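Trainee:
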Amino acid sequence: MERRGSLGANMKAGSQNEECSFREVDSLMKTVELTIHIPTFVLGLGLNLLAICSFVSFLRNRREEYRVTSIYMINLAVFDLLLVLSLPFKMAPAQPSSFCTMVECLYFVSMYGSVFTITFISFDRYVSIGYPLWVRRVRSPRNVLLVCGSIWALVWTCAIPIHKFHGEGPNSTCFHNMSDGAWGAQAIVPLELFGFLLPMATVCFCSFHSIQKLDRSAVRRAPIIRSIAASLAVFVASFLPVHLCIFLQFLVRNGFVQDCSIKQGISFALQLALCLANINCCLDVFCYYFISKEFRAGITILHQPS
């Protein structure tokens, strides 16, 4: 998929044919991509490098909960940085298929690496708030490193089939011309279910219950509530539209949608949603800000009564 990766990578909403042309949609999106991707690249590069440096400094803190949270934040920032570095290639002219496959894998990995990292951050906070005594025994930098390493292994493993999805052609460009196999049920159903729906359900459940519990308890919880709310808002705004559009594109590519104007509209919506989803690498800075604010204020979940 296109992060956002290679499944959405054929941003041309359906197979082009004599009856339904997507030239106008693609031409318009080239302008939109330049308008969005250039500032996203500049801001995303600077903000994520700054975030990594900032949280690396917290790793030296003797308080274990600071180090644990910092590892999660660094992992998220690295995934966002990978996305930023893939953006110039989305706008590049024709490239060899093998090179495009590598870039598309990078994009896929960064998108779903972010999805799973945010999911584990939400779950970590949920259990830290609801079960603080149990968490003290299992929450450690070593265990969090194992979680982050597992996320990297999972997303890279899932990215392996991407080389089968990239179409061949003399004018092929990266993130375009994906084969029909990329839009088959065997690819899209697991992507939608395990790559988004289950993570979103987890993030929403953990976030709402964490906010509810914090809101009923004590003082000095406002920064934590804002942090959780910001993370939830960024997650939904970044990933819900693009996965809805991927599903609609799946219907187009499998013949469920026949009207040309609807196909063109879905094509534009998919490309725009993917384009806007890339801004996630900048929006995550709000999560970094609230976490850093908690650290500097000396607020930690595990050292407050639940």
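Quick note on numbering: the sequence shown equals residues 6 to 311 in our numbering.
Glycine residues also receive a C-beta, built at the ideal position from the N, C-alpha and C atoms.
Small disclaimer: the values here were computed from a predicted structure and weren't measured.
#1: Between Met116, Cys105, Phe244, which has its C-alpha nearest Trp157's C-alpha?
#2: Taking only the alpha-carbon atoms, compute the straight-line gap between His248 and Leu277 and give it to the nearest angstrom.
#3: One question on the structure: do Phe201 and Val120 come within less than 8 Å of each other, judged by their Cβ atoms?
#4: Assign Lys268 to buried or exposed, taking buried as 16 or more other Cβ atoms, counted over all protein chains shown, within 10 Å of its Cβ.
#5: Looking at C-alpha atoms only, which residue of Ser145, Ser236, Leu86 is the closest neighbour of Thr207?
#6: Where does Ser297 sit, in a helix, a strand or coil, going by DSSP?
#7: Within a Cβ cutoff of 6 Å, which residues of the same chain sit near Ile41, ignoring the five residues on either side of it in sequence?
#8: Work out the CA separation of Cys292 and Arg226 for me, nearest whole Å.
#9: When we look at the beta-carbon of Trp139 and count the other beta-carbons within 10 Å, is it buried (16 or more) or exposed?
#10: Looking at Ile134 and Lys218, is the spacing between their C-beta atoms short of 8 Å?
#11: For the candidate residues Leu150, Met107, Val61, Ser62, whose alpha-carbon lies nearest to that of Pro166?
#12: Use the C-beta contact count for Phe261: other C-beta atoms within 10 angstroms, 16 or more gives buried, fewer gives exposed.
#13: So which of Leu55, Leu54, Arg144 has the shortest CA-CA distance to Arg68?
#14: Do you know offhand how far Asn148's Cα is from Met78's?
#15: Tell me whether the beta-carbon of Val160 lies closer than 8 Å to the beta-carbon of Gly118.
#16: Compute the beta-carbon to beta-carbon distance between Asp85 and Gly51, rounded to the nearest angstrom, for a pair I have assumed lies under 8 Å.
#17: Identify, in the order they occur along the chain, each residue of the same chain with its Cβ nearer than 6 Å to the Cβ of Phe240, setting aside the five sequence neighbours on each side.
#18: How close, in whole Å, do the beta carbons of Asn53 and Cys286 come, if the pair is a contact with beta carbons under 8 Å?
#19: Return yes when the Cβ of Asn283 is within less than 8 Å of the Cβ of Thr74, no when it is not.
#20: With a threshold of 16 other CB atoms inside 10 Å of the CB of Ala190, please say whether the residue is buried or exposed.
#21: Grab me the residues of Ser212's own chain with a C-beta within less than 6 Å of its C-beta, minus the 5 sequence neighbours each way, in chain order.
#22: According to DSSP, is Cys280 helix, strand or coil?
#23: Distance check for Pro93 and Leu196, CA to CA, integer angstroms please.
Mentor: Once the coordinates are examined:
#1: Here residue 157 corresponds to residue number 152 of the sequence shown, with the count starting at 1. The residue with the shortest Cα to Cα distance from Trp157 is Met116.
#2: Residue numbering aside, residue 248 sits at position 243 when the sequence shown is read from its first letter. Residue numbering aside, residue 277 sits at position 272 when the sequence shown is read from its first letter. Rounded to the nearest angstrom, the two C-alpha atoms are 12 Å apart.
#3: Here residue 201 refers to the residue found at position 196 of the sequence shown. Here residue 120 refers to the residue found at position 115 of the sequence shown. Yes; because the gap between Cβ atoms is below 8 Å, this pair is in contact.
#4: Along the sequence shown, one-based indexing puts residue 268 at 263. With 16 or more Cβ atoms within 10 Å of its Cβ, Lys268 is classed as buried.
#5: For the purposes of this step, residue 207 is identified with residue 202 of the sequence shown, where counting begins at 1. That would be Ser236, whose Cα lies nearest to the Cα of Thr207.
#6: In the sequence shown, residue 297 corresponds to position 292, counting from 1. Three-state DSSP puts Ser297 in a helix.
#7: Looking up residue 41 in the sequence shown gives position 36. Excluding positions up to five away in sequence, the list reads Cys280.
#8: Counting from 1 along the sequence shown, the entry for residue 226 is found at position 221. Counting from 1 along the sequence shown, the entry for residue 292 is found at position 287. Rounded to the nearest whole angstrom, the C-alpha separation of Arg226 and Cys292 is 15 Å.
#9: As a working mapping, residue 139 is identified with position 134 in the sequence shown. The residue in question, Trp139, is exposed, as its Cβ has fewer than 16 Cβ neighbours within 10 Å.
#10: Along the sequence shown, read from residue 1 onward, the residue named residue 218 stands at position 213. Along the sequence shown, read from residue 1 onward, the residue named residue 134 stands at position 129. Using a Cβ distance threshold of 8 Å, Lys218 and Ile134 count as a contacting pair.
#11: Numbered from 1 along the sequence shown, position 161 holds the residue referred to as residue 166. Scanning Leu150, Met107, Val61, Ser62 for the CA closest to the CA of Pro166 turns up Met107.
#12: The residue given as residue 261 occupies position 256 in the sequence shown. Here Phe261 is exposed: its Cβ has fewer than 16 other Cβ atoms, across all protein chains shown, within 10 Å.
#13: Against the sequence shown, residue 68 aligns to sequence position 63. Looking at Leu55, Leu54, Arg144, the one whose alpha-carbon comes closest to that of Arg68 is Arg144.
#14: For the purposes of this step, residue 148 is identified with residue 143 of the sequence shown, where counting begins at 1. For the purposes of this step, residue 78 is identified with residue 73 of the sequence shown, where counting begins at 1. Cα to Cα, the separation comes out at about 15 Å.
#15: Locating residue 160 in the sequence shown gives position 155, counting from the first residue. Locating residue 118 in the sequence shown gives position 113, counting from the first residue. In this structure, Gly118 lies closer than 8 Å to Val160 by Cβ.
#16: As a working mapping, residue 85 is identified with position 80 in the sequence shown. As a working mapping, residue 51 is identified with position 46 in the sequence shown. Not a contact, Cβ separation roughly 12 Å.
#17: Position 235 of the sequence shown holds residue 240. Excluding residues up to 5 positions away in sequence, Ile123, Val208 lie with their Cβ nearer than 6 Å to the Cβ of Phe240 in the same chain.
#18: For the purposes of this step, residue 53 is identified with residue 48 of the sequence shown, where counting begins at 1. For the purposes of this step, residue 286 is identified with residue 281 of the sequence shown, where counting begins at 1. The distance from the Cβ of Asn53 to that of Cys286 is about 6 Å, consistent with a contact at the 8 Å cut-off.
#19: If you number the sequence shown from 1, residue 74 lands on position 69. If you number the sequence shown from 1, residue 283 lands on position 278. Between Thr74 and Asn283, the gap from beta carbon to beta carbon reaches 8 Å or more.
#20: On the sequence shown, position 185 is the one that residue 190 refers to. It is exposed - the Cβ of Ala190 has fewer than 16 other Cβ atoms within 10 Å.
#21: Locating residue 212 in the sequence shown gives position 207, where the first residue counts as 1. Answer for Ser212: Ser127, Ile233, Leu237, listed in chain order.
#22: On the sequence shown, position 275 is the one that residue 280 refers to. Looking at Cys280 - three-state DSSP - the assignment turns out to be helix.
#23: Counting from one through the sequence shown, the residue named residue 196 turns up at place 191. Counting from one through the sequence shown, the residue named residue 93 turns up at place 88. Taking the straight line from one Cα to the other gives about 25 Å.
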